[in-house]
Amino acid sequence: MELGGGNVEAPGRGPRVLVVGGGIAGLGAAQRLCSHPAFPHLRVLEATARAGGRICSERSFGGVVEIGAHWIHGPSQGNPVFQLAAKYGLLGDKELSEENQLIETGGHVGLPSVSYTSSGGTVSLELVAEMGRLFYSVIDQTREFLRGTEAPVPSVGEYLKKEISQHMASWTEGEETKKLKLAILNNFFNVECCVSGTHSMDLVALAPFGEYTVLPGLDCTFPGGYQGLTNHILASLPQDVMVFNKPVKMIHWNGSFQEAESPGETFPVLVECEDGGCFPAHHVVLTVPLGFLKEHLDTFFEPPLPTEKAEAIRKIGFGTNNKVFLEFEEPFWEPGCQHIQVVWEDTSPLETVAPALQDAWVKKLIGFIILPSFESAHVLCGFIAGLESEFMETLSDEEVLLSLTRVLRQVTGNPQLPAPKRVLRSRWHSAPYTRGSYSYVAVGSTGDDIDLLAQPLPVDKEKAQLQVLFAGEATHRTFYSTTHGALLSGWREADRLIALQDPQAQQPGPKL
20 MELGGGNVEA
30 PGRGPRVLVV
40 GGGIAGLGAA
50 QRLCSHPAFP
60 HLRVLEATAR
70 AGGRICSERS
80 FGGVVEIGAH
90 WIHGPSQGNP
100 VFQLAAKYGL
110 LGDKELSEEN
120 QLIETGGHVG
130 LPSVSYTSSG
140 GTVSLELVAE
150 MGRLFYSVID
160 QTREFLRGTE
170 APVPSVGEYL
180 KKEISQHMAS
190 WTEGEETKKL
200 KLAILNNFFN
210 VECCVSGTHS
220 MDLVALAPFG
230 EYTVLPGLDC
240 TFPGGYQGLT
250 NHILASLPQD
260 VMVFNKPVKM
270 IHWNGSFQEA
280 ESPGETFPVL
290 VECEDGGCFP
300 AHHVVLTVPL
310 GFLKEHLDTF
320 FEPPLPTEKA
330 EAIRKIGFGT
340 NNKVFLEFEE
350 PFWEPGCQHI
360 QVVWEDTSPL
370 ETVAPALQDA
380 WVKKLIGFII
390 LPSFESAHVL
400 CGFIAGLESE
410 FMETLSDEEV
420 LLSLTRVLRQ
430 VTGNPQLPAP
440 KRVLRSRWHS
450 APYTRGSYSY
460 VAVGSTGDDI
470 DLLAQPLPVD
480 KEKAQLQVLF
490 AGEATHRTFY
500 STTHGALLSG
510 WREADRLIAL
520 QDPQAQQPGP
530 KL
């Protein structure tokens, strides 16, 4: 008897489906499946005590801060996260305005309101803008190699450095100004590391870089917190669907499993949990972060994954981008200031130095955005990526507060600047079920690896169908690293199962 196929279940009973992971990919898949009558037997197993995954909003400082996902990237009609947020009434008039939806940012981060140097001065915003134009014009060129032009170097970082070195030849200023220009460019490199979720742009593959698709729209935030979105999806699910605090230890697939409650029925998949509980299923939709898969690759699947899929998991990049929030009694920044840049004058993207992280981790901090005022709180949100970001996770709050107070006194030139009242930060690398922030296409991998990761098991179409399906941001070839990529991937896998049960089904929503 064929196991787990579309027609083996008794009439009216429907297949048993397990979704592993309650982030937006898992919730999206569950919501789509629950809305179809063929799937009355659905459970979502979530390792932690809450839904949302890398969407995590916390009440703090008298308001809501985003520990995880921060912006809707490209909030426009082609973005399903934007569409859902609008449907649930989670956005303001400005975010919903047509004008906002039409803005083309090219995926570039906006320029700072003020730029401080490590010696306590400020940089003219004209010079910052000039370096920004140079950096982003070269970044835009990196996307051209997708069109069949042979990539001259393996990584985005090497290409950026080669082009910037050529531009330097035409700089006519004195040595000090040239050094300052390079230091500003170094900040832009660090910003791009945060955007890509990588330690260095030298790790990001050049040839497939242009495959990532930027949607139109000026990136926007959720006034009441990003988690309002996942909470709405969660609320739409039947009450008993979510099972919290249920980490999965192993997925046994291509088997013939039975359970006492269903005599005579066999299941091709068995999900074994850390607490010893076992769930047999016809289909499993796996939505765990790539960082978790990388760490547990050798023990998580029985039998082991096909070699090609395991290789894809190893090759695709997955890095850390953390935030650090600082609360101040009084703002030291000017009214209307939105973004503070910090430029370390002794740095250059053309020089690779690896000083001890203990001393130098703060130099990877790109600066701070000023959060909208909460009641009487004044809050800065800093961003830091890579190994320095992971090192920050090992420090105590007191150590981080001390280091950043020192940095802010140094760059503002005010040794009396009052220390922040409080610090709060994300620790995505240490999070045991996440192990980082989001994926990127690393040197040695391509978009084909993303597609390989997304391919259901078993690969042989003649065998039992769609036993283990894969979703999550790292499985979306053009929207990896985003919440809309994650949501679309969950819908994609739900639609595969719906099509298996009901080949005539009309699929709702966009097929991006």
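With positions in the sequence shown counted from 1, the corresponding number in our numbering is that position plus 19.
Virtual Cβ for every residue (Gly too), placed ideally from N, Cα, C.
Candidates the options: closest to residue i by CA position
i      : options                           : result
Asn250 : Leu472, Leu485, Gly42 and Pro56   : Gly42
Leu179 : Thr502, Gln520 and Pro368         : Pro368
Gly93  : Arg152, Leu115 and Gly167         : Leu115
Leu64  : Ala450, Val290, Leu312 and Lys480 : Val290
Thr326 : Leu256, Asp468 and Ala44          : Asp468
Pro242 : Ala379, Ala57, Lys113 and Pro522  : Lys113
Trp272 : Glu280, Leu305 and Glu330         : Leu305
Thr318 : Ala300, Pro391 and Cys292         : Cys292
Glu321 : Ala226, Pro477, Lys440 and Val307 : Pro477
Glu118 : Leu237, Ile270 and Arg428         : Leu237
Lys197 : Ser137, Gly295, Gly355 and Asp365 : Asp365
Ile158 : Val210, Ala188 and Ser143         : Val210
Gln258 : Gly509, Cys53, Val36 and Leu507   : Cys53
Arg166 : Glu149, Glu230, Leu109 and Val128 : Glu230
Val128 : Ser95, Thr453 and Phe207          : Phe207
Leu312 : His186, Glu492, Leu130 and Leu399 : Glu492
Pairwise C-alpha distance: residue j and residue i
i      : j      : result
Gly24  : Ala473 : Because the pLDDT at Gly24 is just 33, under 50, the model does not fix this residue reliably, and the point stays unresolved.
Ala483 : Lys342 : 44 Å
Gln360 : Val133 : 6 Å
Ala68  : Arg32  : 30 Å
Leu324 : Phe286 : 19 Å
Glu418 : Leu384 : 15 Å
Glu21  : Gly455 : Low local confidence applies: a pLDDT of 29 at Glu21 is under 50, so the model's placement there is unreliable, and no value is given.
Phe276 : Ala300 : 9 Å
Leu485 : Leu516 : 7 Å
Pro30  : Gln525 : Residue placement at Pro30 cannot be trusted, given a pLDDT of 38 that sits under 50; the coordinates are not used to answer.
Gln120 : Gln377 : 43 Å
Val172 : Arg333 : 22 Å
Asn264 : Ala66  : 5 Å
Leu436 : Pro354 : 17 Å
Ala88  : Ala279 : 42 Å
Met411 : Gly401 : 12 Å
Glu314 : Glu394 : 42 Å
Gly466 : Arg496 : 6 Å
Limits of the unbroken beta strand (DSSP E) element including residue i
i      : result
Val267 : Val267 to His271
Arg35  : Arg35 to Val39
Ser79  : Ser76 to Ser79
Val83  : Gly82 to Glu85
Gly336 : Gly336 to Gly338
Gly386 : Gly386 to Ile389
Phe164 : First-last for Phe164: undefined, no H or E at that position.
Cβ pair residue i, residue j closer than 8 Å
i      : j      : result
Cys297 : Ile91  : no
Met261 : Ala70  : yes
Leu103 : Leu234 : no
Lys407 : Trp380 : The sequence given here has Glu at residue 407, not Lys. Taking 8 Å as the Cβ cut-off, Glu407 and Trp380 qualify as a contacting pair.
Gly139 : Val487 : no
His358 : Pro34  : no
Val362 : Tyr155 : no
Gly405 : Thr168 : no
Arg444 : Phe344 : yes
Phe459 : Ser500 : According to the sequence displayed, residue 459 carries Tyr and not Phe. Yes; because the gap between Cβ atoms is below 8 Å, this pair is in contact.
Ala48  : Ala513 : yes
Gln50  : Ile252 : yes
Arg441 : Pro434 : no
Enclosing alpha helix (DSSP H) for residue i [first to last residue]
i      : result
Gln246 : Gln246 to Ser255
Gly295 : No alpha helix (DSSP H) holds Gly295; DSSP gives it neither H nor E.
Phe101 : Pro99 to Lys106
Phe311 : Leu309 to Phe319
Coarse secondary structure for residue i, derived from DSSP in three states
i      : result
His358 : strand
Pro368 : coil
Leu507 : helix
Glu532 : Residue 532 cannot be examined here, being either before or after the span of the chain that is shown, 20 to 531.
Lys198 : helix
Val133 : strand
His60  : strand
Arg446 : coil
Gly24  : Here the model assigns Gly24 a pLDDT of 33, short of 50, so the residue's position is not dependable, and the following value carries that caveat. Coil.
Ala524 : coil
Val487 : strand
Thr141 : strand
Cys53  : helix
Asn264 : coil
Ala68  : coil
Beta carbon proximity, residue i to chain B, threshold 8 Å
i     : result
Gly97 : Protein chains in the displayed structure number just one, and chain B is not present.
heavy atom of the ligand ADP below 7 Å from residue i C-beta
i      : result
Asn119 : Absence of the ligand ADP from the depicted structure is noted, as is the absence of any ligand whatsoever, leaving it without description.
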